[in-house]
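Peer 1:
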Amino acid sequence: MAKNKTEKEEEYGAGDIQVLKGLEHVRKRPAMYIGDISTRGLHHLAYEVIDNAIDEALAGYCDKITLTINKNGSVTVTDNGRGIPTDIHPTEKISALEVVMTQLNAGGKFNRDSYKVSGGLHGVGVSVVNALSEYLEAEIVRDGKVYYQKYKRGAPEAKVKVIGNAKKTGTKVTFYPDSEIFKVINFKYETIEERLRELAYLNKDLSISIKDDREKDKEAEFHFKGGLVDFVKYLDESEKSISGKPIFISGDRENVQVEVAFQYNESYNDNTYTFVNNINTHE
Ligand code: 28F
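If you're matching positions, the sequence shown starts at 1433 in my numbering and goes up one per residue.
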């Protein structure tokens, strides 16, 4: 005897079930997606959103990223890129924004050539941040309009709606980590500031700012036109260079770009930092 479909089931298509399953799995096994649910995993939520903005800069469309730790402990990241597409997805019949925000690995990173130069949580995508947030709000400025959608633990509260008009373009994501997942949900300003400073050195055409609205006078703006040369000067600022200004070498082989900067100082210890696609390859 076929079970009568309730009204609710009528609304859910196969796609929705798969989306709910995906986000459910993220909430059941968060450590599989963000490493752990300690304060390190918490900060990974911010890094994933930041890395999506960095991707947009690497694609050549964004040159300003801001991060605010809001009074209530949520985090807002903005970029002045093209804005996540909001058109209705041909097969999913929902806004591309909702696809990006609710479907695992739908962030396009996997089918964009920018993946070869972008890092992050190996691109698990912002849908993981969404699933692990009590709420997440996306505000997209694109095509002269401001689009908005809010999610609760990854599930959209309503369809994408237009809430205003604007000339610029860009993406703004605000998320509030879920205390059902994380024991500690307060972000450490210094931890995020250090990563943003590093990203600004590694991406010399980018301006990155951070502001902590929970405390006074906690803000910084980073823009290092000298890139790695400025990074070496900063890392070695307590030593006296014996090689004049840092030596800089750059080149590319088979479409892989490499940059090296170094200097010698009077001390006996050496510090070597290596990065691949903005990821600090500690080994
Ligand atoms: C605050 C965090 O997440 N910025 C982003 C874009 C721009 C595009 C994009 C993102 C889905 C499948 C392509 C726009 N126009 N900041 C961000 N900015 N994602 S995330 O595309 C994702 C699509 O593949 C974008 C044209 N192409 C790409």
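By construction, the Cβ of each residue, glycine as well, lies at the ideal position given by its N, Cα and C atoms. Keep in mind it's a predicted model, so treat the numbers as computed, not measured.
Comparing the CB of Arg-1472 with every heavy atom of ligand 1, is any distance shorter than 6 Å?
Peer 2: No.
Peer 1: List the endpoints of the continuous alpha helix (DSSP H) containing Ser-1639.
Peer 2: Looking at the DSSP string, Ser-1639 is not in any alpha helix (DSSP H); the run it does join, the beta strand (DSSP E), is 1639–1644.
Peer 1: Can we say the stretch 1518–1538 touches the stretch 1563–1577, given the rule of at least three CB pairs closer than 8 Å?
Peer 2: Yes: the two stretches touch, three or more of their Cβ pairs being nearer than 8 Å.
Peer 1: Using CA coordinates, which residue listed in Ala-1491, Ala-1489, Ala-1485 is at the minimum distance from Leu-1499?
Peer 2: Of the candidates Ala-1491, Ala-1489, Ala-1485, the one whose C-alpha sits nearest the C-alpha of Leu-1499 is Ala-1485.
Peer 1: Report yes if the C-beta of Ile-1734 is less than 6 Å from at least one heavy atom of ligand 1; otherwise report no.
Peer 2: A question about residue 1734 goes unanswered here, because the residues of the chain that appear run from 1433 up to 1715.
Peer 1: Give every residue of the same chain whose Cβ lies closer than 6 Å to the Cβ of Phe-1542, excluding the five residues on either side of it in the sequence, and list them in chain order.
Peer 2: Caution applies to Phe-1542, whose pLDDT of 46 falls short of 50 and renders its modelled position unreliable; the value that the coordinates give is listed next. No residues qualify anywhere along the chain.
Peer 1: Mind the definition here: the stretch 1576–1596 touches the stretch 1474–1482 only if three or more C-beta pairs lie below 8 Å; say whether that holds.
Peer 2: Verdict: no, contact absent.
Peer 1: Compute the beta-carbon to beta-carbon distance between Gln-1581 and Ala-1570, rounded to the nearest angstrom, for a pair I have assumed lies under 8 Å.
Peer 2: Gln-1581 to Ala-1570, Cβ: 5 Å. Contact.
Peer 1: What separation, rounded to the nearest whole angstrom, lies between the Cα atoms of Asn-1562 and Asn-1512?
Peer 2: Each residue's alpha carbon lies about 21 Å from the other.
Peer 1: Below 6 Å, is the gap between the Cβ of Ala-1598 and the nearest heavy atom of ligand 1?
Peer 2: No - ligand 1 has no heavy atom lying nearer than 6 Å to the Cβ of Ala-1598.
Peer 1: Under a Cβ-count criterion, where at least 16 other Cβ atoms within 10 Å of its own Cβ denotes burial, should Gln-1535 be classed as buried or exposed?
Peer 2: Gln-1535 is buried by the Cβ-count criterion.
Peer 1: Among all the DSSP beta bridges, which residues are the ones paired with Phe-1680?
Peer 2: Partner(s): Ala-1693.
Peer 1: Look at the Cβ atom of Ala-1632, then the Cβ atom of Leu-1660, and state whether they are nearer than 7 Å.
Peer 2: Not a contact, by the Cβ cut-off of 7 Å.
Peer 1: Would you be able to state if there are at least three C-beta pairs under 8 Å between the stretch 1622–1642 and the stretch 1490–1507?
Peer 2: Counting Cβ pairs under 8 Å, three or more are found: they touch.
Peer 1: Return the CA-CA distance between Tyr-1621 and Ser-1641, expressed in angstroms with no decimal places.
Peer 2: In a straight line, the C-alpha of Tyr-1621 is about 12 Å away from that of Ser-1641.
Peer 1: Please give me, in chain order, every unbroken run of the alpha helix (DSSP H) with length at least 4 that falls completely inside the stretch 1582–1654.
Peer 2: As far as the stretch 1582–1654 is concerned, its whole alpha helix (DSSP H) runs of at least 4 residues are 1621–1634.
Peer 1: Figure out for me which residue from Lys-1648, Ser-1670, Lys-1677 has the closest Cα to the Cα of Asp-1662.
Peer 2: Taking only the C-alpha atoms, the option nearest Asp-1662 is Lys-1677.
Peer 1: Kindly give me the distance between the Cβ atoms of Lys-1636 and Lys-1604, rounded to whole angstroms, as I take these residues to be in contact under 8 Å.
Peer 2: Rounded, the Cβ-Cβ distance is 24 Å, inconsistent with contact.
Peer 1: State yes or no: is the C-beta of Glu-1698 within less than 7 Å of the C-beta of Lys-1665?
Peer 2: For Glu-1698 and Lys-1665, no; Cβs fall outside 7 Å.
Peer 1: Residues bridged to Thr-1706 by DSSP?
Peer 2: In the DSSP output, where bridge partners are listed per residue, Thr-1706 has none listed.
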